[in-house]
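**Q** Heads up: the sequence lines are chains A and B, in that order.
Note that the numbering used here has the first sequence beginning at 542, numbered continuously upward.
Note that the numbering used here has the second sequence beginning at 92, numbered continuously upward.
Even glycine gets a Cβ: it sits at the ideal position worked out from N, Cα and C.
Just so you know, these numbers come straight off a predicted model, no measurement behind them.
Here it is: the structure, laid out below.
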Amino acid sequence: MSNVRQISVFVDNRPNQLAGVMKLIKDSKINVRALSVADTKDFGILRMIANDTEKTVEILKAASYAVKVTEILAISIPDSPGQLSRVLDILGSKNVNIEYLYAFLGKSDRAVSFVIRVDDNANASAALTEGGIIQLTENDIAEM
Amino acid sequence: MEKYWNKEIECASREDMKKLQDERLVAQVKHVYENVKYYRDLMDKKGVKPEDIKGTEDLHKLPFLSKADLREAYPYGLLAKPLSECVRIHSTSGTTGKRVVAFYTQHDVDMWEDCCARAITAAGGTNEDVVQVAYGYGLFTGGMGVHGGSHKVGCLTLPMSSGNTERQIQFMQDLNATILCCTPSYAAYIGETIAEMGIKPEELKLKAGIFGAEPWTEEMRRSIEKSLGIKAFDIYGLTESSGPGVAFECSEQTGMHINEDNFIPEIINPDTGEVLPEGEVGELVFTSINKEAFPLLRYRTRDLCVLSRKKCSCGRTLIKMAKPMGRSDDMLIIRGVNVFPSQIETVLIEQGYSPNYLIEVDRVNNTDTLDISVEMNPDQFSDKVKDMQMQERDLAVAIKTMLGINPKVHLVSPKSITRSEGKAVRVIDKRKLHD
């Protein structure tokens with residue numbers, strides 16, 4: 542099991558709010574490896590994987606942001622048709638419910654990476670291993 | 092051991108108190124009739140002569156006075172003493188319209204400060220205490236009133252005024268403040284800042300707080316008590332009647348004792364003006380009976396509350412007023428339902444949210460809308476949208492249960508709602524823009 546930590550940040554749904562978070566990150570020289578924003582009419586939830594989780598959490602909390610760290614799964618699959626569908630079939634066959642997923646850039650231009658958020662990481666991770674899907678560790682992502 | 096500033100008055104028998112009130116009321120009415128034309132006209136119009144008022148049982152014969160009268164009589168129309176005998180002016184915050192000014196002779200200032208001294212003593216203050224006054228100083232009565240009371244008790248008085256929160260906390264620490272006096276919303280903000288600075292309440296010497304000048308809830312009291320490690324006492328007053336200290340809380344914390352030797356309270360039906368019996372909710376009306384420059388007879392405060400003569404464990408016999416439910420002009424009528432911001436505050440604190448919120452009322456297609464922005468609780472933050480939307484829904488349901496109408500709840504970032512150093516602005520009523 543890979544235990545990749547994802548940082549989520551509560552962001553108001555108003556101009557300049559995301560910019561505020563990213564500026565703090567930029568000023569701390571943290572590198573964001575993966576990122577997505579979920580939006581509602583009132584607020585957004587920024588989710589990201591950074592090369593230094595502790596430091597990112599620390600600077601954001603110091604600036605009064607609501608921050609949460611969750612463990613997610615990260616996978617790397619070939620960049621060819623039908624690959625994501627294969628992953629979803631594997632998870633579906635083991636009855637894993639996906640809360641959300643998002644793609645991010647890997648090192649190779651022949652592969653693509655995904656963050657997958659499920660409620661039962663252990664079960665999902667075992668299913669992926671059994672299905673021959675490459676899972677990334679936090680270190681893998683930091684070094685990308 | 093309960094301490095009193097003026098035991099003879101605070102614990103007087105009902106008979107002795109009534110005798111004092113009767114004497115003072117008769118004299119006050121005579122003083123007003125003889126010296127204030129505005130009153131003379133009002134009384135003549137109602138057909139009441141000073142001789143008709145023989146004691147408190149005749150109080151109901153007098154005409155009411157409202158804030159509108161005070162505005163009309165601005166600035167000198169209700170003055171009952173020559174300016175040469177006056178020593179001070181204070182003014183209302185003007186939050187509900189044009190300002191009102193009040194005048195004080197030295198006697199009036201002494202009476203007011205004496206009321207504040209009773210409040211400080213009831214909160215446990217003695218000449219061993221350091222009182223940090225973080226109410227605004229100036230035209231607002233909060234700062235100078237409590238300041239004067241603190242002097243009377245002989246406390247070491249720190250005249251901080253409001254604002255500059257980090258300096259407040261530094262002085263609080265360095266100079267070992269034991270009693271904090273400010274608005275409840277500012278006390279909550281100071282508590283929040285202390286936590287942010289990594290200071291634990293037990294590292295402070297604070298033991299009590301005296302908070303007033305705006306409505307606050309029992310839930311807010313508990314939350315402030317926890318964040319500052321103190322016992323929080325309510326204090327009531329209004330500029331029109333002198334300032335803070337008209338009523339004050341004792342160790343029982345179940346309502347405020349009214350300084351009846353100076354102010355006679357009544358509860359009336361706000362629509363008919365009829366006097367209501369003890370225990371019924373209505374508008375609080377005060378008659379000052381010991382003022383020289385700016386006496387007010389049957390002044391309608393617009394505060395809604397209940398009076399009680401139930402025996403108090405502190406030993407005081409002064410009548411008690413419950414925490415006002417809100418000033419009747421703070422009350423919002425939304426879709427025909429009476430809504431007090433304090434009801435919403437109660438729900439927020441119960442559900443674990445901060446007491447910082449903003450209520451926006453508007454009218455869309457002839458229907459009132461109620462939007463409440465609430466700072467989300469970082470401890471309950473989830474990366475899942477559905478969890479967060481569930482929190483908004485749960486809060487909306489809890490508020491609906493309290494008010495009877497459906498609000499729209501909007502979660503916003505922690506600390507994003509402006510903190511108040513004085514009276515907090517919690518309501519924006521945009522309907523007025525359309526009228």
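Are the CB atoms of C405(B) and E343(B) within a distance shorter than 8 Å?
**A** To locate residue 343(B), count along the second sequence from 1; it is residue 252. To locate residue 405(B), count along the second sequence from 1; it is residue 314. Yes.
**Q** Q547(A) CB to nearest chain B CB: under 8 Å?
**A** Counting from one through the first sequence, the residue named residue 547(A) turns up at place 6. Chain B contact via Cβ: present.
**Q** Roughly how many whole angstroms lie between the Cα atoms of D526(B) and D520(B)?
**A** One-based indexing of the second sequence puts residue 526(B) at position 435. One-based indexing of the second sequence puts residue 520(B) at position 429. Any reading at D526(B) needs caution, since the residue's pLDDT is 49, under 50, leaving its predicted position unreliable; the model's value is listed next. Cα to Cα, D526(B) sits roughly 11 Å from D520(B).
**Q** Pull out every residue of the region 473-495 of chain B whose Cβ sits closer than 9 Å to any Cβ of chain A, in chain order.
**A** From the region 473-495 of chain B, only S473, D474, K475, V476, K477, M479, Q480, E483 have a Cβ closer than 9 Å to chain A.
**Q** Counting only beta-carbon atoms, is M542(A) nearer than 8 Å to chain B?
**A** Stepping through the first sequence from its first residue, residue 542(A) is reached at position 1. Reliability fails at M542(A), whose pLDDT of 49 lies under 50, so the model's placement of it is uncertain and the value that follows must be treated cautiously. No, M542(A) lies away from the interface with chain B (no Cβ there is under 8 Å from its Cβ).
**Q** Determine the DSSP secondary structure at I613(A), reduced to helix, strand or coil.
**A** Taking the first sequence and counting its residues from 1, one reaches residue 613(A) at position 72. Correct three-state label for I613(A): strand.
**Q** To be precise: take each residue of the region 617-639 of chain A, compare its Cβ to all Cβ atoms of chain B, and keep it if any distance is under 7 Å. Which residues remain?
**A** Those would be none; no residue qualifies.
**Q** Can you list, in chain order, the residues of its chain with a C-beta nearer than 6 Å to that of N126(B)? Leave out the 5 residues immediately preceding and following it.
**A** Locating residue 126(B) in the second sequence gives position 35, counting from the first residue. Once the five neighbours on either side are set aside, the close Cβ partners of N126(B) are A171.
**Q** Compare the beta carbon distance of N218(B) and C246(B) with 8 Å and say whether it is the shorter of the two.
**A** Taking the second sequence and counting its residues from 1, one reaches residue 218(B) at position 127. Taking the second sequence and counting its residues from 1, one reaches residue 246(B) at position 155. Yes, they are a contact pair.
**Q** DSSP beta-bridge partners for Y327(B)?
**A** Translated into positions along the second sequence, residue 327(B) becomes position 236. A338(B), per the DSSP bridge assignment.
**Q** Would you mind listing the beta strand (DSSP E) stretches within the region 138-187 of chain B that are 3+ residues and don't spill past its ends, in chain order?
**A** Taking only runs of at least 3 residues, the beta strand (DSSP E) segments lying wholly in the region 138-187 of chain B are 177-182.
**Q** Hey, does D526(B) have any beta-carbon neighbour from chain A nearer than 8 Å?
**A** Locating residue 526(B) in the second sequence gives position 435, counting from the first residue. Here the model assigns D526(B) a pLDDT of 49, short of 50, so the residue's position is not dependable, and the following value carries that caveat. It does not; no Cβ of chain A falls within 8 Å.
**Q** For the region 504-515 of chain B, which residues have a CB atom closer than 8 Å to at least one CB atom of chain A, in sequence order?
**A** Result list: S504, P505, K506, S507.
**Q** Count the other C-beta atoms from every protein chain shown that fall within 10 angstroms of the C-beta of E483(B), then say buried if there are 16 or more, exposed otherwise.
**A** Locating residue 483(B) in the second sequence gives position 392, counting from the first residue. It counts as buried.
**Q** When you compare the CB positions of M589(A) and K648(A), do they come within less than 8 Å of one another, or not?
**A** Here residue 589(A) refers to the residue found at position 48 of the first sequence. Here residue 648(A) refers to the residue found at position 107 of the first sequence. No, the pair does not count as a contact, with Cβ atoms beyond the cut-off.
**Q** Buried or exposed for M134(B), please, with buried defined as at least 16 other CB atoms from any protein chain shown within 10 angstroms of its CB.
**A** If you number the second sequence from 1, residue 134(B) lands on position 43. Buried, since its Cβ has 16 or more Cβ neighbours within 10 Å.
**Q** Can you check which of these residues, I613(A), D580(A), A603(A), N664(A), is closest to S634(A) by C-alpha distance?
**A** Counted from its first residue, the first sequence places residue 634(A) at position 93. With distances taken between Cα atoms, S634(A) lies closest to N664(A).
**Q** Closer than 7 Å to a non-hydrogen atom of the ligand MG - does that hold for the CB of L150(B)?
**A** Summarising the ligand content, the structure contains no ligands, and the ligand MG is consequently not present.
**Q** Express the C-alpha separation of A323(B) and Q223(B) in angstroms, rounding to a whole number.
**A** Sequence index remark: in the second sequence, residue 223(B) carries index 132 (1-based). Sequence index remark: in the second sequence, residue 323(B) carries index 232 (1-based). About 14 Å.
**Q** DSSP puts M412(B) in a beta bridge; with which residues?
**A** Numbered from 1 along the second sequence, position 321 holds the residue referred to as residue 412(B). Partner(s): M347(B), L398(B).
**Q** Starting from the beta carbon of M288(B), find every residue of chain A whose beta carbon is closer than 8 Å, and list them in chain order.
**A** On the second sequence, position 197 is the one that residue 288(B) refers to. Result: empty, since nearest Cβ-Cβ is about 12 Å, beyond 8 Å.
**Q** In chain order, what residues of the region 445-477 of chain B put their CB closer than 7 Å to some CB of chain A?
**A** From the region 445-477 of chain B, only M467, P469, F472, S473, D474, K475, V476 have a Cβ closer than 7 Å to chain A.
**Q** Taking S332(B) as the reference, give the member of S104(B), L156(B), A515(B) with the closest Cα.
**A** Reading the second sequence from its first residue, position 241 is the one you call residue 332(B). That would be L156(B), whose Cα lies nearest to the Cα of S332(B).
**Q** Using a Cβ cut-off of 7 Å, pull out every chain A residue sitting near L502(B), in sequence order please.
**A** For the purposes of this step, residue 502(B) is taken as residue 411 along the second sequence, with counting starting at 1. What L502(B) touches in chain A: D583, F584.
**Q** Taking only beta carbons into account, state which residues of the region 590-607 of chain A come closer than 9 Å to chain B, listed in chain order.
**A** Taking 9 Å as the Cβ-Cβ cut-off against chain B, the residues of the region 590-607 of chain A that qualify are K602, S605, Y606, A607.
**Q** What three-state label does DSSP hand R418(B) in the structure shown?
**A** As a working mapping, residue 418(B) is identified with position 327 in the second sequence. Strand, per DSSP.
**Q** How would you call N381(B), buried or exposed, if buried means at least 16 neighbouring beta carbons within 10 angstroms?
**A** Within the second sequence, the letter at position 290 stands for residue 381(B). Buried: at least 16 other Cβ atoms inside 10 Å.
**Q** For the alpha helix (DSSP H) containing I100(B), list its first residue and its last residue.
**A** By 1-based counting over the second sequence, the position of residue 100(B) is 9. I100(B) -> alpha helix (DSSP H) spans 98-101.
**Q** Tell me which residues share the same chain as K602(A) and place their Cβ nearer than 6 Å to its Cβ, disregarding the 5 neighbours each side in the sequence.
**A** The residue given as residue 602(A) occupies position 61 in the first sequence. Hits under 6 Å: V608.
**Q** Look at the alpha carbon of E595(A) and the alpha carbon of I260(B), and state the distance between them as a whole number of angstroms.
**A** Numbered from its first residue, the first sequence carries residue 595(A) at position 54. Numbered from its first residue, the second sequence carries residue 260(B) at position 169. For E595(A) and I260(B), the distance between alpha carbons rounds to 30 Å.
**Q** Which residues in the same chain have their Cβ closer than 7 Å to the Cβ of I100(B), if we skip the five residues on either side of it in sequence?
**A** Numbered from its first residue, the second sequence carries residue 100(B) at position 9. Around I100(B): D352.
**Q** Just mark S104(B) as buried or exposed, buried being the case when its beta carbon has 16 or more other beta carbons within 10 Å.
**A** On the second sequence, position 13 is the one that residue 104(B) refers to. Exposed, since its Cβ has fewer than 16 Cβ neighbours within 10 Å.
**Q** Identify, in the order they occur along the chain, each residue of the same chain with its Cβ nearer than 8 Å to the Cβ of H151(B), setting aside the five sequence neighbours on each side.
**A** By one-based count along the second sequence, residue 151(B) stands at place 60. Excluding residues within five positions, the ones whose Cβ falls inside 8 Å are E357, V366.
**Q** Give the range of the beta strand (DSSP E) segment to which F472(B) is assigned.
**A** For the purposes of this step, residue 472(B) is identified with residue 381 of the second sequence, where counting begins at 1. First-last for F472(B): undefined, no H or E at that position.
**Q** Pairs of beta-carbons, one from the region 506-519 of chain B and one from the region 461-469 of chain B, closer than 8 Å: are there three or more?
**A** Cβ pair count under 8 Å is three or more, so yes.
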